[in-house]
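Colleague: These protein sequence lines are chains L and B, in that order. With full-length UniProt numbering, letter number 168 in the first sequence gets 168, and the count goes up by one each step, no holes. With full-length UniProt numbering, letter number 283 in the second sequence gets 283, and the count goes up by one each step, no holes. Sharing a structure below in structure tokens format, with a few things to ask.
Number of protein chains: 2
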Amino acid sequence: MEPPAPRRRVTIVDVARHAQVSTTAVSKVLRNAYGASPEMQAKVRRAIDELGYRPHAGARGLRGKTYTIGVMLPDIRNPFFPDVLDGITHTLQDTEYQVLLGPGDCGEKGEARVTEALIDRGMDGLILVAPLASRKRLDEVASAVPTVIVGRHGSSPAYDTVADDDVEGAALVVGHLAALGHRRIAHIEHLETDPTRLAEMPNARRADGYRQAMRAHGLEECIDVVSTSYTQEGGYRGAKELLERQGTHRPTAVFAGADVVAMGALEAITEAGLSVPDDISVAGYDNTTFAAFGPVSLTSVDQAGHEIGRNAARLLLERIADRHRPSVQVRLSPTLVPRRTTARAPE
Amino acid sequence: MEPPAPRRRVTIVDVARHAQVSTTAVSKVLRNAYGASPEMQAKVRRAIDELGYRPHAGARGLRGKTYTIGVMLPDIRNPFFPDVLDGITHTLQDTEYQVLLGPGDCGEKGEARVTEALIDRGMDGLILVAPLASRKRLDEVASAVPTVIVGRHGSSPAYDTVADDDVEGAALVVGHLAALGHRRIAHIEHLETDPTRLAEMPNARRADGYRQAMRAHGLEECIDVVSTSYTQEGGYRGAKELLERQGTHRPTAVFAGADVVAMGALEAITEAGLSVPDDISVAGYDNTTFAAFGPVSLTSVDQAGHEIGRNAARLLLERIADRHRPSVQVRLSPTLVPRRTTARAPE
DNA sequence: CACCCAGTGGGAAACGTTACCCATGGGCGC
DNA sequence: GCGCCCATGGGTAACGTTTCCCACTGGGTG
Numbered sequence: 001m002e003p004p005a006p007r008r009r010v011t012i013v014d015v016a017r018h019a020q021v022s023t024t025a026v027s028k029v030l031r032n033a034y035g036a037s038p039e040m041q042a043k044v045r046r047a048i049d050e051l052g053y054r055p056h057a058g059a060r061g062l063r064g065k066t067y068t069i070g071v072m073l074p075d076i077r078n079p080f081f082p083d084v085l086d087g088i089t090h091t092l093q094d095t096e097y098q099v100l101l102g103p104g105d106c107g108e109k110g111e112a113r114v115t116e117a118l119i120d121r122g123m124d125g126l127i128l129v130a131p132l133a134s135r136k137r138l139d140e141v142a143s144a145v146p147t148v149i150v151g152r153h154g155s156s157p158a159y160d161t162v163a164d165d166d167v168e169g170a171a172l173v174v175g176h177l178a179a180l181g182h183r184r185i186a187h188i189e190h191l192e193t194d195p196t197r198l199a200e201m202p203n204a205r206r207a208d209g210y211r212q213a214m215r216a217h218g219l220e221e222c223i224d225v226v227s228t229s230y231t232q233e234g235g236y237r238g239a240k241e242l243l244e245r246q247g248t249h250r251p252t253a254v255f256a257g258a259d260v261v262a263m264g265a266l267e268a269i270t271e272a273g274l275s276v277p278d279d280i281s282v283a284g285y286d287n288t289t290f291a292a293f294g295p296v297s298l299t300s301v302d303q304a305g306h307e308i309g310r311n312a313a314r315l316l317l318e319r320i321a322d323r324h325r326p327s328v329q330v331r332l333s334p335t336l337v338p339r340r341t342t343a344r345a346p347e
Numbered sequence: 001m002e003p004p005a006p007r008r009r010v011t012i013v014d015v016a017r018h019a020q021v022s023t024t025a026v027s028k029v030l031r032n033a034y035g036a037s038p039e040m041q042a043k044v045r046r047a048i049d050e051l052g053y054r055p056h057a058g059a060r061g062l063r064g065k066t067y068t069i070g071v072m073l074p075d076i077r078n079p080f081f082p083d084v085l086d087g088i089t090h091t092l093q094d095t096e097y098q099v100l101l102g103p104g105d106c107g108e109k110g111e112a113r114v115t116e117a118l119i120d121r122g123m124d125g126l127i128l129v130a131p132l133a134s135r136k137r138l139d140e141v142a143s144a145v146p147t148v149i150v151g152r153h154g155s156s157p158a159y160d161t162v163a164d165d166d167v168e169g170a171a172l173v174v175g176h177l178a179a180l181g182h183r184r185i186a187h188i189e190h191l192e193t194d195p196t197r198l199a200e201m202p203n204a205r206r207a208d209g210y211r212q213a214m215r216a217h218g219l220e221e222c223i224d225v226v227s228t229s230y231t232q233e234g235g236y237r238g239a240k241e242l243l244e245r246q247g248t249h250r251p252t253a254v255f256a257g258a259d260v261v262a263m264g265a266l267e268a269i270t271e272a273g274l275s276v277p278d279d280i281s282v283a284g285y286d287n288t289t290f291a292a293f294g295p296v297s298l299t300s301v302d303q304a305g306h307e308i309g310r311n312a313a314r315l316l317l318e319r320i321a322d323r324h325r326p327s328v329q330v331r332l333s334p335t336l337v338p339r340r341t342t343a344r345a346p347e
């Protein structure tokens with residue numbers, strides 16, 4: 001069977017004709033612009049309803065705004081990002097802005113491609129979540145369109161930032177484990193080689209925070225960092241390496257830099273025939289639904305993704321309204337959520 | 001510090017001037033259209049590279065195409081959807097099309113809003129994943145823009161569909177459990193009240209398939225369905241209800257309609273002090289990363305999300321190329337992935 | 001030698017919307 | 001009573017691209 005013929009779209013001209021006014025008048029009503037009397041408003045709105053008119057965003061973008069916010073997500077699988085997204089959509093849902101997501105496809109290349117695509121599609125503003133791009137590129141992006149960077153430290157006059165204090169989060173974990181009597185607390189980090197990103201990326205800050213906190217607790221000698229990656233497989237490899245350490249070199253607690261990493265670590269520990277938390281404690285980061293899941297019950301750090309998203313959306317709206325206001329950095333504090341994968345150190 | 005002044009975007013006019021040709025010529029080169037000599041092509045391409053020109057999708061959309069595909073995802077949290085998305089982006093990545101996601105925000109209302117937003121933003125085609133909308137609405141959407149519906153049964157001349165055979169999937173689970181000696185196999189389903197959707201939604205088909213398979217195995221007497229919802233909490237409630245059954249009414253195996261449901265069920269079973277799979281077997285559906293996670297190791301049904309996505313993208317490209325070709329229905333077969341949450345029935 | 005056609009290039013009008021500015025008319029201050 | 005200003009409405013030119021069609025060239029054909 002052949003599909004039915006597509007109908008022509010209702011345009012502003014149709015509305016104007018139907019309401020017996022000019023297109024300019026309709027446009028004014030649409031944008032709540034100055035210069036439309038209440039009667040005019042009513043007449044136009046009725047015509048809009050009767051015809052089922054909806055403005056064409058692309059055409060709007062040519063002169064004015066598209067009323068669209070683009071969000072670049074580096075990895076849809078990471079269960080932390082939906083929280084951020086919720087905060088964004090929630091803040092935007094009673095504005096006239098619509099959120100569209102660009103799937104970052106992992107990797108700097110794919111991320112750049114998606115970001116360009118969002119710009120080319122006339123987004124009024126961009127929220128980049130944990131971007132890998134260089135600062136120079138971020139500045140370029142921000143010069144093309146109002147931009148908020150989420151989850152990265154380091155500031156620029158060109159864009160606003162919202163981030164959680166990862167150093168503080170790491171300190172919370174180390175403090176918690178130390179209070180439970182652990183001394184040999186190891187950390188699985190995401191390997192970062194690019195020197196310019198080194199200080200800005202959350203993973204580097206967490207590793208840094210871990211080292212600082214260990215020293216603060218007089219555990220400098222016990223600092224033990226394994227570099228893999230923030231993936232389940234990275235956690236698995238990292239934990240395997242830690243478990244190979246002999247006797248008093250083997251850690252009694254593992255601080256994984258992300259919940260997915262903790263997942264991999266738990267898998268490796270289970271495979272090794274060890275028990276959590278009796279033989280070894282494990283803590284993650286992000287407080288994903290996975291961590292909250294009863295049978296897992298992973299101690300984790302809550303980043304308040306919803307709050308991050310809310311702030312990002314708010315800042316973006318502000319910046320769209322005034323591109324010249326000075327840039328803002330919002331830093332939020334994480335909280336520790338102790339669960340059943342951490343307990344008193346053995347012996 | 002004030003952000004730097006934004007630069008004007010490079011347009012096709014700039015390219016034309018720089019290459020000393022007409023804008024028409026540049027446009028032809030951009031679209032590989034007929035009527036541009038090799039020399040012209042080379043000259044224009046060089047100008048494009050030198051100026052770093054990228055076409056403005058919104059402006060293109062006004063006359064031609066935007067080279068953008070919109071994907072409506074009802075729930076980013078469901079770990080099954082990223083697989084589908086991967087299949088889509090993978091198929092599209094060496095075309096000139098870009099994928100943008102519309103977050104469905106759960107619920108028919110939000111879904112409708114996002115779908116409209118995608119249409120208004122000039123998408124060349126739409127992929128709707130497991131939409132809740134009525135058939136009438138789907139037909140309307142499809143009449144506005146080429147559309148592929150994923151994960152819903154029932155066909156229409158207006159759109160193509162790609163779906164997994166849920167009846168078959170349910171049969172795989174029941175067959176597996178029956179072969180392990182289970183007789184009292186219960187099912188936790190997602191309650192569906194809307195009669196028009198009843199036959200089309202995957203959840204209904206799974207419940208149906210469960211009943212058919214139970215009868216086929218001579219277990220008609222043991223059919224036991226609890227209606228909650230496809231959420232973790234729904235699984236928790238459903239399992240609690242099942243565990244309250246006394247003696248020989250209590251099931252020895254639970255077929256949860258989705259992995260998230262199985263998560264909730266596992267939580268309830270653990271809380272009740274029972275052991276999986278010794279006391280009770282549990283199977284899920286979707287084969288998410290959660291199911292594959294070692295310490296969980298949930299028996300599940302794999303829907304080949306990647307294949308679904310691939311097919312959806314392929315069909316959509318075909319339909320964009322020819323809006324008049326008859327509609328196509330692709331049905332894929334699921335496979336069972338037995339893991340450690342299912343074992344021989346007790347006694 | 002007139003004619004035609006294929007190949008190539010460009011001019012101009014769309015596409016749907018908004019920004020800018022001007023025209024009109026009535027009320028108000030002086 | 002005269003001029004001024006504000007409130008209201010509309011005309012028109014953008015915005016960046018594609019599509020439609022016409023013009024020109026040169027070579028082959030009748």
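Virtual Cβ for every residue (Gly too), placed ideally from N, Cα, C.
1. Throw me the rounded Cβ distance for the R323 (chain B) and P146 (chain B) pair, which I believe falls under 8 Å.
2. Using three-state DSSP, classify P146 (chain L) as helix, strand or coil.
3. Pick out the complete alpha helix (DSSP H) segments inside the segment 140-196 of chain B, 4 residues or longer, and give them in chain order.
4. Using a Cβ cut-off of 8 Å, which residues of the segment 287-306 of chain L contact any Cβ in chain B, in chain order?
5. For A204 (chain B), does the three-state DSSP call read helix, strand or coil?
6. Just reading off the beta strand (DSSP E) that Q98 (chain L) is part of, what are its end residues?
7. Whole-angstrom Cβ separation of G305 (chain L) and D75 (chain L), contact assumed at under 8 Å?
8. Please give me, in chain order, every unbroken run of the alpha helix (DSSP H) with length at least 4 that falls completely inside the segment 57-124 of chain L.
9. Can you list, in chain order, the residues of the segment 94-125 of chain L whose Cβ is nearer than 9 Å to any Cβ on chain B?
10. What ranges does the beta strand (DSSP E) occupy inside the segment 217-273 of chain L, keeping only unbroken runs of at least 3 residues that lie completely in it?
11. Can a CB atom of chain L be found closer than 8 Å to the CB of S275 (chain B)?
12. Along chain B, in chain order, which residues have C-beta atoms closer than 9 Å to that of E267 (chain L)?
13. Throw me the rounded Cβ distance for the Y285 (chain L) and A256 (chain L) pair, which I believe falls under 8 Å.
14. What does the Cβ neighbour count give for S281 (chain B), buried or exposed, with the cut at 16 atoms within 10 Å?
15. Where S327 (chain B) and H176 (chain L) are concerned, what is the direct C-alpha to C-alpha distance, given to the nearest angstrom?
16. As an exercise, report each continuous alpha helix (DSSP H) stretch of at least 4 residues that is fully enclosed by the segment 281-328 of chain B, in chain order.
17. Cβ closer than 8 Å: which chain L residues qualify as neighbours of P55 (chain B)?
18. With R184 (chain B) and P251 (chain B) assumed to form a contact (beta carbons below 8 Å), what rounded beta-carbon distance in angstroms separates them?
19. If contact means a Cβ-Cβ distance below 8 Å, which residues of the segment 28-56 of chain B contact chain L?
20. Interface residues of chain B around I320 (chain L) at Cβ under 8 Å?
21. Are there three or more Cβ pairs, one per stretch, closer than 8 Å when the segment 98-112 of chain L is compared with the segment 131-143 of chain L?
22. List, in chain order, every chain L residue whose beta-carbon is nearer than 8 Å to that of G64 (chain B).
23. When you compare only the Cα positions, how much space is there between residue 354 (chain L) and A258 (chain L)?
24. Short of 6 Å in beta carbon distance, which residues of its chain neighbour A291 (chain B), apart from the five on each side in sequence? Order them along the chain.
25. Please work out which residues of its chain come closer than 8 Å, Cβ to Cβ, to A158 (chain L), disregarding the five sequence neighbours upstream and downstream, and give them in chain order.
26. Apart from the five residues on each side of it in sequence, which residues of its chain come closer than 6 Å, Cβ to Cβ, to V26 (chain L)?
27. Tell me whether the segment 164-174 of chain L and the segment 204-221 of chain L touch, counting them as touching only if at least three CB pairs, one residue from each stretch, are closer than 8 Å.
28. In whole angstroms, what separates the C-alpha of V71 (chain L) from that of T248 (chain B)?
29. Could you check what DSSP says for T11 (chain L) in three-state terms: helix, strand or coil?
30. Under the three-state reduction of DSSP, which class applies to L132 (chain L): helix, strand or coil?
31. Does the separation of the CB atoms of A59 (chain L) and L62 (chain B) fall below 8 Å?
32. Is the beta carbon of G234 (chain L) closer than 8 Å to that of G169 (chain L)?
33. State the Cα-Cα distance for the pair V162 (chain L) and K65 (chain L), rounded to the nearest angstrom.
34. If you compare alpha carbons, which of B:L73, B:T68, B:E116 and B:R113 is closest to V99 (chain B)?
35. Nearest-angstrom Cα distance between S229 (chain B) and A204 (chain B)?
36. Should M214 (chain L) be flagged as near chain B, meaning a C-beta pair shorter than 8 Å?
Modeller: Taking the definition as stated:
1. 6 Å
2. coil
3. 166-179
4. T289, F290, F293, G294, P295 and V296
5. helix
6. Q98 to P103
7. About 14 Å; that fails the 8 Å criterion.
8. 57-63, 81-92 and 108-120
9. Q98, V99, L100, L101, G102, P103, D105, G110, R113, V114, E116, A117, L118, I119, D120, R121 and G122
10. 224-228 and 253-256
11. no
12. F293, G294 and P295
13. 7 Å
14. buried
15. 60 Å
16. 289-292 and 305-321
17. D120
18. 4 Å
19. R54, P55 and H56
20. Correct list: empty, because the minimum Cβ distance to chain B is about 12 Å.
21. yes
22. What G64 (chain B) touches in chain L: nothing, since even the nearest Cβ is about 11 Å away.
23. In the structure as shown, chain L begins at 1 and stops at 347. Residue 354 (chain L) is therefore absent and cannot be evaluated.
24. D259, G284, L298 and S300
25. L138, D139, A142, S143, T147 and S327
26. I12, V15, A16 and V44
27. yes
28. 53 Å
29. coil
30. coil
31. yes
32. no
33. 24 Å
34. B:T68
35. 12 Å
36. no
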